[in-house]
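Visitor: Next up is a structure, given as structure tokens.
Number of protein chains: 2
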Amino acid sequence: MANEENHVYPQTASNTIKRHRERGHYDTEAVHSIVNTAPVAHVSFVPDPSNPAPVILPMIARIGHFSGAEEASAYIHGYVSTLLFRPRTASSLPANATHEEEGFPICIAATKIVNLVLSLTPFSHSYDYRSAVVHGHASLLDPEADHEEIIYAMQLITDGMVPQRWANSRTPPNASEIAATRILKVRIDSASAKIRDSGVKEEAKDLKNAAATNNVWTGIIPYVEMLGVPLPAPTNKVAAVPQYIQDHVRAHNEAAGADGVKGLISKLVSSVFGR
Amino acid sequence: MANEENHVYPQTASNTIKRHRERGHYDTEAVHSIVNTAPVAHVSFVPDPSNPAPVILPMIARIGHFSGAEEASAYIHGYVSTLLFRPRTASSLPANATHEEEGFPICIAATKIVNLVLSLTPFSHSYDYRSAVVHGHASLLDPEADHEEIIYAMQLITDGMVPQRWANSRTPPNASEIAATRILKVRIDSASAKIRDSGVKEEAKDLKNAAATNNVWTGIIPYVEMLGVPLPAPTNKVAAVPQYIQDHVRAHNEAAGADGVKGLISKLVSSVFGR
């Protein structure tokens, strides 16, 4: 993805940011980076098209550009038995789907809270955040016809947890693992990111209210998602935590701590890894 | 909520955990505690009932029991102009809604990643996590008829960011703030929590594979969501960070660090607040 050319998703009725337009971003770099650094994505779909009641499942989603494909897609990983991965029959598809291959409508959302924002009034309280929403159509990859793309997606998802983990675990997957894994591929129809990074914003009349400004502390509290000390499993037989894992924990925490706690996090990491 | 009696949500087709039934929980304590400690909830609904394409919005959701109500509801906070809060007309309601007051179907999900779980094979990689999914019907509270419940929900949401913040900010809201705020009340039809806390789980045949066990480090990496050092806003006029905020940061971080980094987090907090 590093050498992927940045481009812009089309703005449609479903993905255009209407409130605070200045916070809206439609470029692939913004959308993909938010989805691909989120440990969990929330995935929504409608199980029964005759009843507009959506279901949300927490899943792992990663966006990547499979070699030879025209554009990047989102890949969602799961088990054959879950509701989301049951093969859809033509009758369960929406009326406006032309044929089964078009897939079913799906929405993927990922959100990172950056700061709690405490203002003079509850009304002005907020978060600084980075969120992405992807609208698309999903279909299952075929274990035989799409074998290479399934392997590609499994590696994308595994390395999305810890970089280089695929090469450092027992790979490639065997036949029974492939058979029990399903990858849902989501063709991205539209997408948007919304980023708020403006901290405390007060109403002018509140700033003139001395009773408020003299008594209410205002500011931000950074919300930091860090990785802790790796703990070996009871069945682990490798003595030391490998370098690529140490490097990832350090890099993750340094990036996560950029908003206000970087120095402290670095000290914390030094005390763990002795550097 | 502390003195709320624990009870169990009905198990229906939409909320019953089918894979890993042992991870399923249906009691209000499990569901409410996950939703009420999540900084963000993902909220899904179907804007156009004739097209089963769901939309997800990241929102703040809190579950609480308004005085006099028969049971707890979820409250979602937002602005009048967002898609979700546009008053629904009878024609935009699903065909199975008997009348407008029943509200529209909505799904709320909140997820906390607890550990990254690194096993011998990519197939066995996982997370330890706590997630909750709530299915319900949503309707807007009426600024006049439901004034007291709106104030209750605003306080619930504000104190959900930092306890005691409502009492320590400029309250109560004035008329224009009330007019510009909408609270969506969600009657909870069913709900479930799913909790995985089993760490590394290997296939028996992988544990017998010496080439794998001798080379692949396995274990967990705690995923810790901590609060950083509070930073005053440029417009802040209160000299010291108030005690209730210091107490919350410390309590949050001690609870968050329980899985493997508690000692380090305590040291970190001591170095910030000098105790």
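From first to last, the protein sequence lines stand for chains S and L. Last residue of the first sequence? That's 276 in the numbering used here, and every number before it is there in order. Last residue of the second sequence? That's 276 in the numbering used here, and every number before it is there in order. The C-beta atom is built at its ideal place from N, Cα and C for all residues, glycine as well. Computed from a prediction, not measured in an experiment: that's the story for all the values here.
Assuming A110(S) contacts I57(L) (C-beta within less than 8 Å), just tell me the rounded distance between them.
Guide: In the first sequence, counting from the first residue as 1, residue 110(S) sits at position 109. In the second sequence, counting from the first residue as 1, residue 57(L) sits at position 56. About 4 Å; that satisfies the 8 Å criterion.
Visitor: Whole-angstrom Cβ separation of H136(S) and A192(S), contact assumed at under 8 Å?
Guide: Position 135 of the first sequence holds residue 136(S). Position 191 of the first sequence holds residue 192(S). Indeed, because the Cβ distance is near 7 Å, the residues count as touching under 8 Å.
Visitor: Report the option in P55(L), S45(L), A241(L) and A252(L) whose CA atom is closest to the CA atom of H138(S).
Guide: On the first sequence, residue 138(S) is found 137 positions in, with the first residue counted as 1. When only C-alpha atoms are compared, the closest one is P55(L).
Visitor: Looking only at its chain, what residues have a beta carbon closer than 6 Å to the beta carbon of F67(L), apart from the 5 residues adjacent to it on each side?
Guide: Position 66 of the second sequence, counting from 1, holds the residue named residue 67(L). Answer for F67(L): E150 and Y153, listed in chain order.
Visitor: Measuring CB to CB, does E226(S) end up less than 9 Å from T122(L)?
Guide: Here residue 226(S) is taken as the residue at index 225 of the first sequence, counted from 1. Here residue 122(L) is taken as the residue at index 121 of the second sequence, counted from 1. Against a cut-off of 9 Å, the Cβ pair of T122(L) and E226(S) comes out as no contact.
Visitor: For L94(S), count the other beta carbons within 10 Å of its own beta carbon; 16 or more makes it buried, fewer makes it exposed. Which is it?
Guide: Position 93 of the first sequence holds residue 94(S). Here the model assigns L94(S) a pLDDT of 49, short of 50, so the residue's position is not dependable, and the following value carries that caveat. Buried.
Visitor: With a cut-off of 9 Å, does the C-beta of L142(S) fall near any C-beta of chain L?
Guide: Indexing the first sequence from 1 puts residue 142(S) at position 141. It does not; no Cβ of chain L falls within 9 Å.
Visitor: So, for G25(S): in the same chain, excluding its five sequence neighbours on each side, which residues have a beta-carbon less than 8 Å away from its beta-carbon?
Guide: Residue mapping note: residue 25(S) aligns to position 24 of the first sequence, counting from 1. Within the same chain, G25(S) has close Cβ partners T17, I18, S193, A194 and K195.
Visitor: Can you pull out the residues from the region 213-224 of chain S whose beta carbon lies closer than 9 Å to at least one beta carbon of chain L?
Guide: A213, T214, N215, N216, V217, W218, T219, G220, I221, I222, P223 and Y224
Visitor: Please report the straight-line C-alpha distance between I144(L) and L185(L), rounded to a whole angstrom.
Guide: Position 143 of the second sequence, counting from 1, holds the residue named residue 144(L). Position 184 of the second sequence, counting from 1, holds the residue named residue 185(L). Here residue 144(L) is Pro; the residue named in the question, Ile, does not match the sequence. When rounded, the distance between both Cα atoms is 11 Å.
Visitor: If we ignore side chains and look at the alpha-carbon of each, how far apart do K113(S) and A39(S) end up?
Guide: Taking the first sequence and counting its residues from 1, the one referred to as residue 113(S) is at position 112. Taking the first sequence and counting its residues from 1, the one referred to as residue 39(S) is at position 38. Using only the alpha carbons, I get a separation of about 7 Å.
Visitor: Can you give the Cα-Cα distance for V9(L) and E23(L), rounded to whole angstroms?
Guide: To locate residue 9(L), count along the second sequence from 1; it is residue 8. To locate residue 23(L), count along the second sequence from 1; it is residue 22. For V9(L) and E23(L), the distance between alpha carbons rounds to 16 Å.
Visitor: Select from I221(S), I64(S) and M162(S) the residue whose C-alpha is nearest the C-alpha of N237(L).
Guide: Here residue 237(L) refers to the residue found at position 236 of the second sequence. Here the closest residue by C-alpha is I221(S).
Visitor: Tell me, please, whether the region 205-213 of chain S touches the region 201-215 of chain L by the rule of three or more beta-carbon pairs shorter than 8 Å.
Guide: no
Visitor: Report the residues of the region 37-71 of chain L with a CB closer than 7 Å to any CB of chain S, ordered along the chain.
Guide: P40, V41, H43, S45, F46, V47, P50, N52, P53, A54, P55, V56, I57 and P59
Visitor: Taking C-beta pairs closer than 8 Å, name the residues in chain S that P233(L) reaches, listed in chain order.
Guide: Indexing the second sequence from 1 puts residue 233(L) at position 232. The contacting residues are W218, T219 and G220.
Visitor: Please identify the residue among H78(S), P223(S) and H126(S) whose C-alpha is closest to the C-alpha of A257(S).
Guide: To locate residue 257(S), count along the first sequence from 1; it is residue 256. Comparing Cα-Cα distances from A257(S) to each of H78(S), P223(S) and H126(S), the minimum goes to P223(S).
Visitor: So within the region 91-175 of chain S, which uninterrupted beta strand (DSSP E) runs reach at least 3 residues, ignoring any that extend past its ends?
Guide: 105-119 and 127-141
Visitor: Taking the alpha-carbon positions, what's the E255(S) to N7(L) distance?
Guide: Counted from its first residue, the first sequence places residue 255(S) at position 254. Counted from its first residue, the second sequence places residue 7(L) at position 6. Near 41 Å, if we compare the C-alpha coordinates of N7(L) and E255(S).
Visitor: Please state if the CB of A181(S) and the CB of F124(L) are separated by a distance shorter than 9 Å.
Guide: Numbered from 1 along the second sequence, position 123 holds the residue referred to as residue 124(L). Numbered from 1 along the first sequence, position 180 holds the residue referred to as residue 181(S). Using a Cβ distance threshold of 9 Å, F124(L) and A181(S) count as a contacting pair.
Visitor: Quick one: list the residues of chain S neighbouring D207(L), beta-carbon separation under 8 Å, in chain order.
Guide: Translated into positions along the second sequence, residue 207(L) becomes position 206. Those within 8 Å of D207(L) in chain S are R171.
Visitor: Does any CB atom of chain S fall closer than 9 Å to the CB of E103(L)?
Guide: Start at 1 with the first residue of the second sequence, and residue 103(L) comes out as number 102. No, no contact with chain S.
Visitor: If you draw a straight line from the alpha carbon of D188(L) to that of V44(L), how long is it in whole angstroms?
Guide: Counting from 1 along the second sequence, the entry for residue 188(L) is found at position 187. Counting from 1 along the second sequence, the entry for residue 44(L) is found at position 43. As written in the sequence, residue 188(L) is Arg, which differs from the Asp given in the question. Using only the alpha carbons, I get a separation of about 14 Å.
Visitor: What does the alpha-carbon distance come out to for the pair H78(S) and T159(S)?
Guide: Along the first sequence, one-based indexing puts residue 78(S) at 77. Along the first sequence, one-based indexing puts residue 159(S) at 158. Distance between the alpha carbons of H78(S) and T159(S): 10 Å.
Visitor: Given E30(S), which residues of its chain have a CB within under 6 Å of its CB, disregarding the five upstream and five downstream residues?
Guide: Working through the first sequence from its first residue, we reach residue 30(S) at position 29. Excluding residues up to 5 positions away in sequence, N7 lie with their Cβ nearer than 6 Å to the Cβ of E30(S) in the same chain.
Visitor: Given A3(L), which residues of its chain have a CB within under 7 Å of its CB, disregarding the five upstream and five downstream residues?
Guide: For the purposes of this step, residue 3(L) is taken as the residue at position 2 of the second sequence. Per-residue confidence for A3(L) stands at a pLDDT of 44, beneath the threshold of 50, marking its modelled position as unreliable; no derived number is given.
Visitor: Kindly indicate which three-state DSSP category D49(L) falls into: helix, strand or coil?
Guide: By 1-based counting over the second sequence, the position of residue 49(L) is 48. Three-state DSSP puts D49(L) in coil, outside helix and strand.
Visitor: Return the residues of the region 5-38 of chain L that lie within a Cβ-Cβ distance of less than 8 Å from chain S, sorted by chain order.
Guide: Listed in sequence order: S15, K19 and R20.
Visitor: Would you call Q156(S) buried or exposed, if buried means 16 or more other Cβ atoms sit within 10 Å of its Cβ?
Guide: What you label residue 156(S) is simply residue 155 of the first sequence in a count that begins at 1. By the 10 Å Cβ count, Q156(S) comes out buried.
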